[in-house]
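Taking it in order: structure first as structure tokens, then the write-up.
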Amino acid sequence: MAECGRKALSVLEAARSRYESLQISDDVFGESGDDSSDNPFYSTSGDSDSDNYMGEEEQQQHHHHKRGDKEGSGHRGGCGGGGSGSSGAGPPGSLSRSQAEEEGWTETLQDVTVPRFKETYGPAQKMPATATALDFFQLFVPDNCIQNMVTQTNMYAKKFQERFGSDEGWRPVTAQEMKAFLGFVTSTSVHRCESVLSIWSSGFFSNRSIALKMSQARFEKILKYFHIVAFRPSQGSNQGLYKIQPFLDLLQQSFSCTFRPSQTQVLHEPLIDEDPVFITTCTERELRKRKKRKFSLWVRQCTSTGFICQISVHLKEGTDGLATLKNKPQLHSLVAKQLCQNISGKNPIIFTGPSITSLSLFTEFSKQDIYCCGLLSTRKSDCTGLPQNMLVCSSTPAQRGQSRVMMKGSMSLISWYNKGHFRFLTNGYSPTKQGIIIKRKSGEIACPLAVEAFAAHLSYICKYDDKYSKYFIFHKPNKTWQQVFWLSISIAINNAYVLYKMSDAYTVKRYSRAQFGERLVKELLDLDDCSPTQ
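In this text, residue positions in the sequence shown follow the numbering used here: the first is 52, and each later residue adds one.
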């Protein structure tokens with residue numbers, strides 16, 4: 052038993068050494084403790100499986116393994132949706148062998164070196180050790196922003212009452228009340244409150260400690276009239292997000308000014324839905340309502356800290372210019388360009404999922420000194436210009452850890468086998484360098500370095516969603532612009548905590564994520580006792 056324990060510990064230590072070598076500060080910023088059980092590639096849990104992160108068709112392949120005939124199904128169908136055999140035609144736009152040779156694809160590999168990253172990552176300004184949770188939050192939502200909410204809310208209330216009749220219970224909102232209003236709604240993330248109005252109830256989610264700060268009637272009045280932009284502007288009035296766009300612009304500017312990300316970053320759609328435990332308590336009708344989200348939100352996120360550097364919001368229906376591209380590769384390519392427009396020339400390495408990964412996008416990025424590593428899916432990705440023989444499965448059974456690579460210039464197309472075929476496109480890692488994926492049960496699995504890097508960074512981000520979800524605001528308004536607003540506030544609180552964790556203030560108080568959230572709520576409500584609940 053002792054021997055097994057020592058062996059498991061040595062495997063864990065080796066995994067952590069590899070993990071840290073890829074510039075992921077998991078212990079410092081992820082608060083994972085000794086067991087990163089949510090990480091399918093570096094987990095201490097025997098149930099983890101790398102296939103969980105590798106695309107839908109590969110997951111379906113893996114499920115075939117588990118249902119039976121593990122070896123046979125792996126040899127017959129592990130093509131990742133690319134085709135039934137090497138004689139398959141391949142996905143649209145892919146090249147035959149002769150076409151690929153003419154286009155410069157070759158099996159002769161050469162070393163690739165990414166230039167040194169041109170920035171030092173971390174906070175752009177030093178916060179004092181006495182800085183409070185509210186100080187960090189107001190780096191993104193400053194007093195002038197709150198005052199604008201006050202002005203716009205009062206303007207909207209006045210116009211509304213001029214049109215529909217006076218509201219005797221209404222009086223203009225103040226900046227102090229607006230902060231308290233933000234605090235009440237934010238408290239739904241800290242206390243997992245199913246409704247913000249539950250604060251004043253006598254039920255399980257009641258919170259008398261903060262309910263006394265404002266009456267429920269007053270809160271509901273502010274909620275009724277709350278606005279960021281009261282009236283449609285004369286210019287750009289066709290934009291569906293005009294009521295929230297100025298706030299998003301301010302938030303984006305503050306993200307850029309307060310933090311410099313590391314070289315490795317990920318483009319992805321962050322977890323937006325509520326905590327899974329909370330979801331199980333909802334009725335089917337409530338769940339159906341929540342599925343009708345009318346917008347998509349993409350982010351560029353630092354994989355060394357979890358700081359969300361940039362956000363991109365577009366409506367699924369509407370006239371924002373992106374709606375016509377929905378469910379098409381062009382949309383995700385355009386989103387990627389928007390998210391990366393401020394990092395050209397700095398030599399970052401960007402990780403992408405199948406819907407973004409394409410040769411044309413990566414080639415365009417390389418001209419801007421942006422390097423990429425992305426997972427390919429023959430069903431979801433734009434495979435134009437890629438060799439067919441790398442995208443369909445060979446009739447010869449593959450061994451676990453086996454890989455094939457073709458190159459065009461500095462771009463590498465990798466096909467790697469691990470209970471299924473996984474394909475990657477990259478110019479951010481040399482195809483001549485090998486990596487390993489360390490798993491508790493199966494030990495070390497050989498792979499190209501690009502595969503290990505992709506697995507580690509994407510796993511960290513997916514695991515980070517569990518930490519980020521502590522700041523999900525459960526208040527769910529019907530209006531799309533308000534949904535975007537409260538989601539943006541959740542992101543701002545996450546970023547505030549990352550900056551707090553990297554500041555001298557953390558060495559003084561050492562608040563956890565939950566404690567930081569509690570303290571922020573109390574400071575927004577201007578409560579005298581700001582010490583977090585233990």
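Glycine included, each C-beta is placed from N, C-alpha and C at the ideal position.
Residue closest to residue i, alpha-carbon to alpha-carbon, out of the options
| i | options | result |
| --- | --- | --- |
| Gly460 | Ser145, Val163 and Gly141 | Val163 |
| Ile359 | Lys345, Leu550, Gln161 and Thr202 | Leu550 |
| His383 | Gln212, Phe505, His319 and Asn529 | His319 |
| Cys353 | Ser257, His508 and Gln450 | His508 |
| Glu152 | Ser252, Gly436 and Lys367 | Gly436 |
| Ser363 | Cys391, Pro380, Arg344 and Gln381 | Cys391 |
| Cys434 | Asn440, Arg455, Ser409 and Gly425 | Ser409 |
| Gly292 | Ala268, His365 and Leu263 | The residue you asked about is not Gly; residue 292 is Leu in the sequence shown. Selected option, being the one with the closest Cα: His365. |
| Val247 | Ser253, Gly254 and Val236 | Val236 |
| Lys470 | Trp156, Ile394 and Pro448 | Pro448 |
| His242 | Asp577, Ala565 and Leu578 | Ala565 |
| Pro528 | Phe270, Lys521 and Phe536 | Phe536 |
| Thr558 | Ser406, Thr157, Glu170 and Ala182 | Ala182 |
| Ser257 | Thr239, Arg269 and Glu271 | Thr239 |
| Ala387 | Ser355, Trp349 and Ser417 | Trp349 |
| His472 | Ser446, Gly479, Lys484 and Gly494 | Ser446 |
| Leu412 | Ile465, Thr477, Asn393 and Trp467 | Thr477 |
| Ser284 | Arg214, Gln198, Pro297 and Leu500 | One detail in the question is off: residue 284 reads as Pro in this sequence, not Ser. Looking at the Cα atoms, Pro297 is the closest of the given residues. |
| Ser145 | Glu170, Thr414, Asp218 and Asn440 | Asn440 |
| Tyr172 | Asp420, Cys424 and Ile394 | Ile394 |
| Met265 | Asp300, His278, Thr225 and Leu301 | Thr225 |
Buried or exposed by the 16-neighbour rule on C-beta atoms within 10 Å, applied to residue i
| i | result |
| --- | --- |
| Thr531 | buried |
| Leu575 | buried |
| Leu571 | buried |
| Arg430 | exposed |
| Pro223 | exposed |
| Phe402 | buried |
| Pro143 | exposed |
| Glu325 | Note on Glu325: pLDDT 48, under 50, position unreliable in the model; the coordinate value appears next. Buried, because 16 or more other Cβ atoms sit within 10 Å of the Cβ of Glu325. |
| Pro193 | exposed |
| Gln189 | buried |
| Asn545 | buried |
| Lys514 | buried |
| Ile75 | For Ile75, the predicted model reports a pLDDT of 45, less than 50, meaning its position is unreliable and no value from the coordinates is stated. |
| Arg351 | buried |
| Ser217 | exposed |
| Ser510 | buried |
| Asp577 | exposed |
Continuous alpha helix (DSSP H) stretch holding residue i: start and end
| i | result |
| --- | --- |
| Arg259 | Arg259 to Ala262 |
| Glu320 | No alpha helix (DSSP H) holds Glu320; DSSP gives it neither H nor E. |
| Gly144 | Gly144 -> no alpha helix (DSSP H), and no H or E assigned at all. |
| Ile362 | Premise fails: Ile362 lies in the beta strand (DSSP E), Ile359 to Leu366, not in any alpha helix (DSSP H). |
| Arg148 | Arg148 to Glu153 |
| Val201 | Asp194 to Phe215 |
| Ile273 | Gln267 to Tyr276 |
| Gln161 | Gln161 -> no alpha helix (DSSP H), and no H or E assigned at all. |
| Pro297 | Gln296 to Thr309 |
| Val572 | Arg564 to Leu575 |
| Ala184 | Ala184 to Phe188 |
Chain B contact for residue i (CB, 9 Å cutoff)
| i | result |
| --- | --- |
| Lys552 | Among the chains in the structure shown there is no chain B, since it carries only a single protein chain. |
CB of residue i within 9 Å of CB of residue j, strictly
| i | j | result |
| --- | --- | --- |
| Phe282 | Lys210 | yes |
| Ala587 | Thr309 | Nothing about residue 587 can be reported from this structure: the residues present for the chain run from 52 to 585 only. |
| Phe567 | Tyr548 | yes |
| Arg451 | Ile496 | yes |
| Ile512 | Cys498 | no |
| Glu228 | Ile273 | yes |
| Ala543 | Met178 | no |
| Gly141 | Val502 | no |
| Pro438 | Gln161 | no |
| Gln316 | Pro399 | yes |
| Gln267 | Ile250 | yes |
| Ser355 | Ser313 | yes |
| Gly479 | Val165 | yes |
| Leu464 | Gln485 | no |
| Gly404 | Leu385 | no |
| Met458 | Thr202 | no |
Run of the beta strand (DSSP E) containing residue i, from where it starts to where it stops
| i | result |
| --- | --- |
| Ala497 | Gly494 to Pro499 |
| Met462 | Met462 to Tyr468 |
| Ser347 | Phe346 to Cys353 |
| Gly486 | Gln485 to Lys490 |
| Cys244 | Careful: Cys244 lies outside any beta strand (DSSP E) and carries neither H nor E. |
Distance cut-off 8 Å: residue i Cβ against heavy atoms of the ligand GDP
| i | result |
| --- | --- |
| Ser445 | In the structure on display, the ligand GDP does not appear, and there are no ligands present to speak of. |
Enumerated in chain order, which unbroken segments of the alpha helix (DSSP H) with a length of 4 residues or greater are wholly contained in the stretch 390-473? Correct list: 410-417.
Taking the runs of the alpha helix (DSSP H) that are 4 residues or longer, which of them lie wholly in the stretch 505-556? Taking only runs of at least 4 residues, the alpha helix (DSSP H) segments lying wholly in the stretch 505-556 are 531-552.
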